[in-house]
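Structure record follows, encoded as structure tokens.
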Amino acid sequence: MRTVAILSQKGGTGKTTLTLNLAVAAERKGKSVAVIDLDPQASSAGWKDSRAGESPYVIALPYSRLSQALQAAQEGGAALALIDTAPHSESASLAAAKAADVVLIPCRAGILDLRAIGTTAELVKLAGKPAYVVLNAMPPRATQVLADAREAVAVHGLTVAPVAIQQRAAYGHALTLGQTAQEYEPAGKAAEETAQLYDWLISVLKD
Ligand SMILES: Nc1ncnc2c1ncn2[C@@H]1O[C@H](COP(=O)(O)OP(=O)(O)O)[C@@H](O)[C@H]1O
Ligand SMILES: [Mg+2]
């Protein structure tokens, strides 16, 4: 089983959106997935409640139970565990990063968001795990934004993932319905970039 932690110490960056879209992308490729929701707000677990169907498996618990949950996921046959986390929760985020093979840090591309990435970068450094910033909710045709973001993130010793996620209504609509973008609009742009992001993640996990 491979484990990916999705974290950022800032709220609303797209942790839950990214976690769930990647979880369903993996299921669609035939992988058994466990989503472990460490956020007391339990948004991933709430999404599962509104979802028709058994998969992916989603469990919400405090981070003190993380290692037991990961062990149970592995014994239950999960090939991939995705850990969704809360903002402003250094201990839980650190525990998630330590348990992970790879850390993804969703970040909106604005300068304030990029500046706020420092605390998350420190946590990841402490855990000593490979980490990638996933630019989220990007405006269309944002070549300059992308270049600025790469520079801003490099200051913290982080790398930007080669696939960025754009601002698209499909992400919000889908989650409201207990779906993800690939299910809500299979031929849409959001579905396409989600598939690309997943393929990239798998290539990183294989390294
Ligand atoms: N790429 C995107 N395009 C449009 N809306 C998005 C996108 N990513 C996230 N959102 C919206 O932003 C809000 C916060 O996202 P969420 O995943 O809940 O963030 P977090 O879990 O980091 O707090 C939600 O309303 C979500 O639908
Ligand atoms: Mg969330």
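First residue of the sequence shown: 121, per our numbering; consecutive thereafter. Glycine included, every Cβ here is placed at the ideal spot set by N, Cα and C.
Going by the CB atoms, is the gap between residue j and residue i shorter than 9 Å?
i, j, result
"L186", "I156", "yes"
"A294", "E312", "no"
"L325", "V124", "yes"
"T136", "D204", "yes"
"P207", "G150", "no"
"K168", "P160", "no"
"I231", "A272", "yes"
"V254", "L138", "yes"
Residue range of the beta strand (DSSP E) that residue i falls in?
i, result
"I64", "This structure cannot settle anything about residue 64, because the visible part of the chain is limited to 121 through 327."
"D204", "200-204"
"Y252", "251-256"
Output needed for residue i: all residues of its chain with C-beta closer than 7 Å, excluding positions within five of it in sequence on either side, in chain order.
i, result
"A146", "V153, L200, Y318"
"P282", "W320"
"H276", "I237, G238, A241"
Leaving out the 5 sequence neighbours to the left and right, which residues in its chain are closer than 6 Å to residue i when beta-carbon positions are compared?
i, result
"T300", "L140, N141, V144, A294"
Starting from residue i, trace the alpha helix (DSSP H) in both directions and tell me its first and last residue.
i, result
"V283", "Element bounds for V283: n/a, residue is neither H nor E."
Excluding the 5 residues flanking residue i on each side, which residues of the same chain have their C-beta closer than 8 Å to its C-beta?
i, result
"L297", "S170, Y304"
Is the Cβ of residue i closer than 9 Å to any Cβ of chain C?
i, result
"K135", "You won't find chain C in this structure, because it holds only one protein chain."
Handout entry: contact_flag[the segment 189-203, the segment 234-244] where n(CB pairs < 8 Å) is 3 or more
Key = Counting Cβ pairs under 8 Å, fewer than three are found: no touch.
Practice task
Would you list the residues whose beta-carbon is nearer than 5 Å to any heavy atom of ligand 2, in the order they occur in the chain?
Solution key: Listed by chain position, these are K135, T136, S163.
Problem - Segment contact, 8 Å Cβ cut-off, at least three pairs: the segment 209-229 with the segment 245-254 - result: The answer is yes - the segment 245-254 touches the segment 209-229, with three or more Cβ pairs under 8 Å.
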